[in-house]
Amino acid sequence: MGQDVRRGGGLTTGEVARRLGVAPTTIRTWDHRYGLGPDDRAGGTHRRWTVTDVARLERMCALTATGLPPAEAARVARGDVAQARAGSARPGRPARPAGGLRLGDARQECKGVARAALRLDAAALDALLQAAMEKHGLVAAWTEVIMPTLQAVGRKWETSGDRYVEVEHFLSWHVSGALRRGAPPAAAGRPRATTLLACVPGENHTLPLEVLAAALAERGLPVRMFGAALPAESLVAAVRRTGPAVVGLWAQSRSTASRPLAQHVAAMEWGVRGARGKPVVLTLGPGWAGRTVPDLPRPPGLAEAVAAVESAVSR
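Each residue of the sequence shown is one higher than the one before, counting from 1 in full-length UniProt numbering.
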């Protein structure tokens with residue numbers, strides 16, 4: 001079948017879905033809603049996805065996994081792939097300025113943040129991050145300024161043979177500090193109103209959870225943040241002790257995303273007989289792609305995660 005597909009000029013939708021770890025219906029939705037379908041729509045109903053088509057979808061997956069709203073992610077994905085193709089089509093003309101970061105159509109503030117990070121200028125970077133959060137609010141600052149800059153640094157690292165690793169670490173550290181400085185004091189825990197956030201065992205990527213914790217605190221919602229690689233038994237103990245309305249479990253990679261753990265937490269109950277409660281468990285992060293847990297929501301981005309928490313707490 002693979003040979004037939006290659007002779008037919010690309011991959012089928014099902015093969016692309018398996019390669020990306022998403023459902024075929026997701027790919028069809030991205031096609032119909034955001035125009036991320038194959039460039040060549042000829043050849044009847046059996047579409048074939050080329051290398052360029054799949055690159056757009058891979059970019060879409062990466063962007064939505066880090067919190068960018070789907071419509072904005074699709075716009076950036078289309079632009080990035082088109083820019084890459086245009087650059088490769090012009091011999092002798094680089095796709096982006098030498099030494100700079102490719103930031104696409106992100107806000108102008110990204111360029112200042114990127115320059116400060118490249119210079120390892122701590123004072124300037126802190127000032128720019130604070131200004132972005134004050135100007136746009138935390139959710140918009142993350143999705144439109146901070147995250148695109150982090151992604152640009154990551155791309156620079158990937159294409160530069162492990163150079164710029166120090167820039168990524170430097171930027172991440174200062175973003176984490178800016179989130180903590182800008183967040184209001186922790187709200188007092190209320191019965192069945194607290195949100196518990198933790199990385200699953202073996203997972204050490206905490207920055208997206210720190211952003212969510214800060215966004216919830218900004219809205220006056222009580223949060224208990226447990227950070228990286230919380231052991232399963234400790235997670236269960238924390239849930240029992242706090243009786244949270246919501247438990248957010250972050251998994252950056254599929255190897256750490258544990259369906260049994262998520263299902264076990266979702267089944268936990270507490271309270272007096274006749275009025276027992278259960279938490280709403282949110283599976284957060286790209287590690288859950290292709291490992292969706294039935295009946296457990298998987299918000300695609302920061303704004304959706306905040307809305308899911310607010311909805312659960314209000315109930």
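Glycine is no exception: its CB is placed at the ideal position from the N, C-alpha and C atoms.
Predicted, not measured: the structure shown is a model, and the values here were computed from it.
With a CB to CB cut of under 6 Å and the five nearest residues on each side skipped, what residues in its chain are close to residue i?
i      : result
Pro38  : Arg47, Trp49, Asp53
Pro260 : none
Pro281 : The displayed chain sequence assigns Val, not Pro, to residue 281. Correct list, in chain order: Val247, Ala262, Val265, Ala266, Leu296.
Arg93  : For Arg93, the pLDDT reaches just 36, beneath the cut-off of 50, and the residue's location in the model is therefore unreliable, leaving the point undetermined.
Thr13  : Pro24, Ile27
Gly112 : Leu128
Ala132 : Glu109, Ala141, Val145
Trp288 : Ala251, Ala257, Arg298
Indicate the three-state DSSP secondary structure (helix, strand or coil) for residue i in the structure shown.
i      : result
Leu150 : helix
Leu118 : helix
Gly79  : helix
Gly277 : strand
Val313 : helix
Gly301 : strand
Leu216 : helix
Leu128 : helix
Phe170 : helix
Arg18  : helix
Tyr164 : coil
Asp39  : coil
Ala289 : coil
Ala193 : coil
Which residue or residues does DSSP assign as beta-bridge partners of residue i?
i      : result
Leu249 : Ala198, Thr283
Leu221 : DSSP output for Leu221 lists no bridge partner at all.
Leu296 : In DSSP, Leu296 forms no bridge with anything.
Leu11  : Trp49
Trp270 : Gly277
Residue i and residue j: beta carbons closer than 8 Å?
i      : j      : result
Thr242 : Ala262 : no
Ala62  : Leu36  : no
Ala251 : Leu196 : no
Cys110 : Val145 : yes
Ala71  : Met60  : no
Ala152 : Ala114 : yes
Pro184 : Glu218 : yes
Leu125 : Val200 : no
Within 10 Å of its beta-carbon, does residue i have 16 or more other beta-carbons around it, so buried, or fewer, so exposed?
i           : result
Leu171      : buried
Thr25       : exposed
Glu166      : exposed
Arg163      : exposed
Pro222      : buried
residue 316 : As shown, the chain starts at 1 and ends at 315. That puts residue 316 outside it, with no answer to give.
Trp173      : exposed
residue 316 : As shown, the chain starts at 1 and ends at 315. That puts residue 316 outside it, with no answer to give.
Glu210      : buried
Lys135      : exposed
Arg56       : buried
Pro279      : buried
Pro231      : exposed
Please go through the same chain and pick out, in chain order, the residues whose beta-carbon is closer than 7 Å to the beta-carbon of residue i, but skip the five residues on each side of it.
i      : result
Gly202 : Ala229, Thr256
Val293 : Arg259, Ala262, Gln263, Thr283
Leu207 : Ser172, Val175, Ser176
Ala215 : Leu138, Val139, Leu302, Val306
Val309 : Thr195, Leu216, Leu221, Val246
Can you list, in chain order, the residues of its chain with a C-beta nearer than 8 Å to that of residue i? Leave out the 5 residues immediately preceding and following it.
i      : result
Gln130 : Ala178, Arg181, Gly182
Ala17  : Ala23, Pro24, Thr26, Ile27
Val5   : A caution first: Val5 carries a pLDDT of 39, below 50, which makes its placement in the model too unreliable to give a value.
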